[in-house]
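J.: Pasting in a structure now, in structure tokens, and then I'll have a few things to ask.
2 protein chains.
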Amino acid sequence: MTKEMIFSALDMFSPSFLAQGIWKHPGDRSTDFNTMEYWLDYARLLERGLFDMIFMADTLGVYDIYGGSRDAAIRGGVQIPMNDPFMLVTAMASVTKNLGFGITGNLSFEPPYLFARRMSTLDHLTGGRVGWNIVTGILDSGAKAMGHDKMIPHDKRYDVADDYLTLMYKLWEGSWEDGAVVRDLEKGIYADPARVHAIDHQGEYFRSSGIHMCSPSPQRTPVLFQAGASDRGRQFAASNAEGVFVNGTSKESMARTVADIRKRAAALGRDPQDVKVLAGATVIVGRTEKEAQDKRQDYLRYASTEATLAHASGGMGVDLAKYPLDEPIRYEETDANRTLMEALTKRGDRTYTVRQVAEEMSLSGRNLLLVGDAQQVADELAAWKEATGVDGFNLARLTMPETLKDIVELLVPALQERGLYKRDYGQGTLREKLGGAARLPASHPAAGYRKGA
Amino acid sequence: MTKEMIFSALDMFSPSFLAQGIWKHPGDRSTDFNTMEYWLDYARLLERGLFDMIFMADTLGVYDIYGGSRDAAIRGGVQIPMNDPFMLVTAMASVTKNLGFGITGNLSFEPPYLFARRMSTLDHLTGGRVGWNIVTGILDSGAKAMGHDKMIPHDKRYDVADDYLTLMYKLWEGSWEDGAVVRDLEKGIYADPARVHAIDHQGEYFRSSGIHMCSPSPQRTPVLFQAGASDRGRQFAASNAEGVFVNGTSKESMARTVADIRKRAAALGRDPQDVKVLAGATVIVGRTEKEAQDKRQDYLRYASTEATLAHASGGMGVDLAKYPLDEPIRYEETDANRTLMEALTKRGDRTYTVRQVAEEMSLSGRNLLLVGDAQQVADELAAWKEATGVDGFNLARLTMPETLKDIVELLVPALQERGLYKRDYGQGTLREKLGGAARLPASHPAAGYRKGA
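If you read the protein sequences in the order shown, they are chains A and B.
In case it helps, this note's numbering puts the first sequence at residues 127 to 579.
In case it helps, this note's numbering puts the second sequence at residues 127 to 579.
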């Protein structure tokens, strides 16, 4: 683990992300999310701050658990509308040279052969700056929109994921050998057919026979990210992921999670440091502590209880509209309530009212919230990194561009002074900037599908 | 029909397109197709020439009919590798203001709900500059790569297409009313749930229940293009398409096709002028006729017979390797040979050898090839437009950037002098620039799915 922190900006292609209602803030530009300039400016700002990447979360479907209806989500603009985050990559890449792109792609819905081509294309056009956040989807409303009756059960989704990844590795790593593209002007040979191999994948869930449509891109397999928290999810991450997202507000709990993921990776023969862990965090940085606290109070004025609960209900699968707003929540030990309980542990082990939960989640969801001047926030981030073993942070915005501007202009210099943040971008692809080689190491399961010398 | 011609650049996201082997030409940059700069320069050049759009063809799969193998296609780089053309749109849009984008999307493979979101996203980010070239796929190799046994039969593909389009229209036109996004800062309402409608599509091929993920984009439905030549394909185009691509080398035949499409559109209650027709053409323009003819000879030196035949065999579904190269082709009146015959009619009704066919197709495929100085080519294009009733041309490159640079710097001014080409871009979306309103007219089937005032 290097001393320097990885910084990633965490967002969604939507008017809102984790802080519900913040779009009403007069300083927030995020309702311009449909425009090109908004995202070009975003990318330029991140590159100015030497961010390693922007990480685009995504959810297909709409939050319709709260009150048994989608109305609260639509009213509050709660991650709806939600555009296709893949469409941002080349635009943002066209105005940057080093910024990476971690984009969420749902393997329950994306046809694998087309998805493999899309990622290779992005890897080419960005010069190897692309990553894939592997998700399997959570919302039944998304599954129904896709023409399914509901989401497939959680554990089975990871069997689907294993099959999907195997097919991807065959296409990305095994179809075109490194020297396949010869571009021989004399003999008129663009590529050598003997070095381009058809795959023949007959999996339990996916089939594909043929060659990959794309020649080898700088990274071949994009940098793989994952955020699964369940046992099966962690095992999948330990096997495949190069970056894992964790969240929570307890250092002890996060340290246990990080250690568990690294231990599982090592047990699978991987270098535990090949799995970078990023903690979700929202930071409010001011020139002084008071300025930061004033900003927090200002942001809170725009928070929406209804929208926060619509989001939380959707994420938990529990209709929080069923609980009286101002009475302590009485939950039973059912599956659904266990998820709810996890959210509440943020406040310790007391019992809270729904309103208190909403207030607690209103600015940062279930992520860490840090407020202070640059030195204070730098102290906190350093302490979190030290105590938990995470490699960096996935930073969600409040208002745009203020939150990120404060990070770039105030927090980054403070971290640089301490030697905790790079002063220049490293060379090469996203994978190289994160500490690896351009291509996946031999210890990664993808390497087993390579062909040729 | 206005006097001014529509100009569209026709290309593929591949080292080769219609002129097989031209990538070996020392002046050709097209083997840089994997890089961002290649496409940004391409877009800037087209906008300098006031091109209405770039039209990206696409084929999933590889040409493997010729000699019963994919080897010739790989060797010649015959439309393989082939990247995902959708990934180019926002990059090219970020360096242009007016250029439109007609992108090929295969509805046999793209999940409709995701595809609807992708197109709406692009329409937002480009400010309404996006079009969709509707295809159903032709290559069995593509179907097998997608996990199917083979392509579904041709006529059934259009039944699938009808169902797909209906679902698209419901999502694009019927889910969000125009006034649904209110952004009421006082009341904290982003969108009005009463004006966002769930669709419930239970078609023969596709199902989807839910709201569209995107708020209304400038054009809602992207400009719809189609190139179906069959009876069923023309009927589909007459009903849905706003732009139709035709090719051929006979004015009489093309004029009949154009008239037929317009007649069918009128019979369906549409204004026949709402269907723009573009003829595929390759033009070689020189400062003098001799310079143009010299360029043609120069290009021909790089043409590859094997690659041309691999391409032609794949497109026709006939293995031309089975015919001796230098004997007249003896064909029988079977389905497959009827397609072959169509290709040969380019040379009239004599019988030709396979080598002669390859030579004839080597620079422009089955498209029109025009060679001359700017005045001669302008004459020819004007004559074709006059005789056939087409609205403009879909112009394929030979070498990049020379072909397009000659068009922009020599041909465009010649056409402008005659009043046959715009001197400035028109206002608004791609649909408006092509002569319509921002949204589809009431006579289009999509309009029937609109909700609200």
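Beta carbons are placed, not taken as given, at the ideal position from N, Cα and C, and that holds for glycine.
Predicted, not measured: the structure shown is a model, and the values here were computed from it.
(1) Contact criterion: CB-CB distance below 7 Å. Does A/H250 meet it with respect to chain B?
(2) Take A/Y551 and list the residues in its own chain whose beta-carbon comes closer than 7 Å to its own, dropping the five residues that flank it on each side.
(3) May I ask which residues mark the beginning and end of the beta strand (DSSP E) holding A/T408?
(4) Residues in its own chain within less than 6 Å of A/A572 by CB, not counting five upstream and five downstream?
(5) Roughly how many angstroms separate the alpha carbons of B/E173 and B/G412, rounded to a whole number?
(6) Does the segment 306–319 of chain B come within contact of the segment 524–533 of chain B, defined as at least 3 CB pairs closer than 8 Å?
(7) Looking only at its chain, what residues have a beta carbon closer than 7 Å to the beta carbon of A/M162, apart from the 5 residues adjacent to it on each side?
(8) Assuming B/N259 is part of the beta strand (DSSP E), what are its boundary residues?
(9) Terminal residues of the continuous beta strand (DSSP E) containing B/L566?
(10) Between which two residues does the alpha helix (DSSP H) carrying B/M218 extend?
(11) Which residues in the same chain have their Cβ closer than 7 Å to the Cβ of A/M487, if we skip the five residues on either side of it in sequence?
(12) Roughly how many angstroms separate the alpha carbons of A/D461 and A/A393, rounded to a whole number?
(13) Quick check: is any heavy atom of the ligand COA less than 6 Å from the C-beta of B/G440?
(14) Which same chain residues end up closer than 7 Å to B/T471 when comparing Cβ atoms and leaving out the 5 residues on each side of it in sequence?
(15) How would you list, in chain order, the residues of chain A whose beta-carbon sits under 8 Å from the beta-carbon of B/T525?
(16) Compare the C-alpha of A/F181 against each of A/G231, A/A568, A/A199 and name the closest.
(17) I need the DSSP call for B/H518, collapsed to helix, strand or coil.
(18) Tell me whether A/S134 sits in a helix, a strand or coil according to DSSP, three-state version.
(19) Would you check if there are 3 or more beta carbon pairs closer than 8 Å linking the segment 353–362 of chain A to the segment 313–320 of chain A?
(20) What residue does the alpha helix (DSSP H) around A/S267 start on, and which one ends it?
(21) What's the C-alpha gap between B/V403 and B/G515?
(22) So that I know if they touch, is there some Cβ in chain B lying closer than 7 Å to that of A/T514?
(23) Per DSSP, which residues does B/A169 bridge with? Please list them.
(24) Nearest chain B C-beta to A/T434 closer than 7 Å, yes or no?
(25) Give the single residue among A/P342, A/I325, A/H274, A/Q345 whose Cα lies nearest to the Cα of B/Y331.
(26) Taking all protein chains shown into account, do 16 or more other C-beta atoms lie within 10 angstroms of the C-beta of A/P238, making it buried, or fewer, making it exposed?
(27) Look up B/G498 in the DSSP assignment and give the residues it is bridged to.
(28) Taking the alpha helix (DSSP H) that B/M442 falls in, what are its first and last residues?
(29) Got a sec? Which residues, its chain only, sit under 7 Å from A/Q580 by beta carbon, not counting five neighbours each side?
(30) Measuring straight from C-alpha to C-alpha, what distance separates A/V215 and A/A183?
(31) Return the bridge partner residues of B/Q352 from the DSSP annotation.
(32) Is A/Y192 closer than 7 Å to A/A484 when the C-beta atoms are compared?
(33) Is B/D249 closer than 7 Å to B/Q352 when the C-beta atoms are compared?
(34) Since B/I387 is in the alpha helix (DSSP H), which residue starts that stretch and which ends it?
(35) Report the residues of the segment 268–296 of chain B with a CB closer than 7 Å to any CB of chain A, ordered along the chain.
(36) Under three-state DSSP, which class holds B/P398?
T.: With the given structure in hand:
(1) Position 124 of the first sequence, counted from the first residue, corresponds to residue 250 of chain A. For A/H250, the closest Cβ of chain B is nearer than 7 Å.
(2) For the purposes of this step, residue 551 of chain A is identified with residue 425 of the first sequence, where counting begins at 1. The beta carbon of A/Y551 is closer than 7 Å to those of L176, N224, K559 in its chain, skipping five residues each way along the sequence.
(3) Taking the first residue of the first sequence as 1, we reach residue 408 of chain A at position 282. Membership of A/T408 in the beta strand (DSSP E) is indicated by the continuous run 402–412.
(4) Numbered from 1 along the first sequence, position 446 holds the residue referred to as residue 572 of chain A. If we look at A/A572 and ignore the five residues flanking it on each side, its Cβ neighbours are Y295, E299, T347, L566.
(5) By one-based count along the second sequence, residue 173 of chain B stands at place 47. By one-based count along the second sequence, residue 412 of chain B stands at place 286. Roughly 21 Å between the two C-alpha positions.
(6) No, the segment 306–319 of chain B is not in contact with the segment 524–533 of chain B.
(7) As a working note, residue 162 of chain A is residue 36 in the first sequence. Same-chain partners within the cutoff: A217.
(8) For the purposes of this step, residue 259 of chain B is taken as residue 133 along the second sequence, with counting starting at 1. That run of the beta strand (DSSP E) goes 256–261.
(9) In the second sequence, the residue the question calls residue 566 of chain B occupies position 440. Careful: B/L566 lies outside any beta strand (DSSP E) and carries neither H nor E.
(10) Counting from 1 along the second sequence, the entry for residue 218 of chain B is found at position 92. The continuous alpha helix (DSSP H) containing B/M218 extends over residues 215–220.
(11) The residue you call residue 487 of chain A lines up with position 361 of the first sequence. Its chain contains T434, A438 as the residues whose beta carbon lies nearer than 7 Å to that of A/M487, once the 5 sequence neighbours on both sides are disregarded; these appear in chain order.
(12) Here residue 461 of chain A refers to the residue found at position 335 of the first sequence. Here residue 393 of chain A refers to the residue found at position 267 of the first sequence. With a pLDDT of only 48 at A/D461, under the threshold of 50, the placement of this residue in the model should not be trusted; the figure read from the coordinates follows. Their Cα atoms are separated by approximately 29 Å.
(13) For the structure depicted, the ligand COA is absent and the ligand set is empty, with no information on it obtainable.
(14) Here residue 471 of chain B is taken as the residue at index 345 of the second sequence, counted from 1. Model confidence at B/T471 stands at a pLDDT of 48, short of 50, so the residue's coordinates are unreliable; what they give is reported in the following sentence. Cβ within range, chain order: n/a, list empty.
(15) For this step, residue 525 of chain B is matched to residue 399 along the second sequence. For B/T525, there are no C-beta contacts with chain A under 8 Å, since the nearest C-beta of that chain is about 14 Å from it.
(16) Against the first sequence, residue 181 of chain A aligns to sequence position 55. Ranking the options by Cα distance to A/F181, first place goes to A/G231.
(17) In the second sequence, residue 518 of chain B corresponds to position 392, counting from 1. One point to set straight first is that residue 518 of chain B is Gly, not His, in the sequence displayed. The answer is strand: DSSP assigns B/G518 an E or B state.
(18) Here residue 134 of chain A corresponds to residue number 8 of the first sequence, with the count starting at 1. Strand at A/S134.
(19) Judged by Cβ distances under 8 Å, the segment 353–362 of chain A makes no contact with the segment 313–320 of chain A, as fewer than three pairs qualify.
(20) The residue you call residue 267 of chain A lines up with position 141 of the first sequence. Here the alpha helix (DSSP H) through A/S267 covers 266–271.
(21) As a working mapping, residue 403 of chain B is identified with position 277 in the second sequence. As a working mapping, residue 515 of chain B is identified with position 389 in the second sequence. Taking the straight line joining both Cα atoms gives about 8 Å.
(22) Numbered from its first residue, the first sequence carries residue 514 of chain A at position 388. Nearest CB-CB separation between A/T514 and chain B: not below the 7 Å threshold.
(23) As a first step, residue 169 of chain B is located in the second sequence; it is residue number 43 there, counting from the start. B/A169 is not bridged to any residue.
(24) Numbered from its first residue, the first sequence carries residue 434 of chain A at position 308. Judged by the 7 Å Cβ criterion, A/T434 is not in contact with chain B.
(25) Taking the second sequence and counting its residues from 1, the one referred to as residue 331 of chain B is at position 205. Looking at the Cα atoms, A/H274 is the closest of the given residues.
(26) Counting from 1 along the first sequence, the entry for residue 238 of chain A is found at position 112. Within a 10 Å sphere around the beta-carbon of A/P238 sit 16 or more other beta-carbons, which makes this residue buried.
(27) Along the second sequence, one-based indexing puts residue 498 of chain B at 372. Under DSSP, B/G498 forms a beta bridge with B/V411.
(28) Here residue 442 of chain B is taken as the residue at index 316 of the second sequence, counted from 1. B/M442 -> alpha helix (DSSP H) spans 431–442.
(29) The question about residue 580 of chain A has no answer, for chain A in this structure spans 127 to 579.
(30) By 1-based counting over the first sequence, the position of residue 215 of chain A is 89. By 1-based counting over the first sequence, the position of residue 183 of chain A is 57. Rounded to whole angstroms, the gap between the alpha carbons of A/V215 and A/A183 is 13 Å.
(31) Start at 1 with the first residue of the second sequence, and residue 352 of chain B comes out as number 226. Answer by DSSP bridge pairing, in chain order: B/I260, B/V370.
(32) Here the question's residue 484 of chain A lines up with position 358 in the first sequence. Here the question's residue 192 of chain A lines up with position 66 in the first sequence. In this structure, A/A484 keeps its C-beta atom at 7 Å or more from the C-beta atom of A/Y192.
(33) Here residue 352 of chain B is taken as the residue at index 226 of the second sequence, counted from 1. Here residue 249 of chain B is taken as the residue at index 123 of the second sequence, counted from 1. In this structure, B/Q352 lies away from B/D249, with their beta-carbon atoms at least 7 Å apart.
(34) As a first step, residue 387 of chain B must be located in the second sequence, where it is residue number 261. That run of the alpha helix (DSSP H) goes 377–393.
(35) Answer set for the segment 268–296 of chain B: K270, A271, M272, G273.
(36) Numbered from its first residue, the second sequence carries residue 398 of chain B at position 272. Looking at B/P398 - three-state DSSP - the assignment turns out to be helix.
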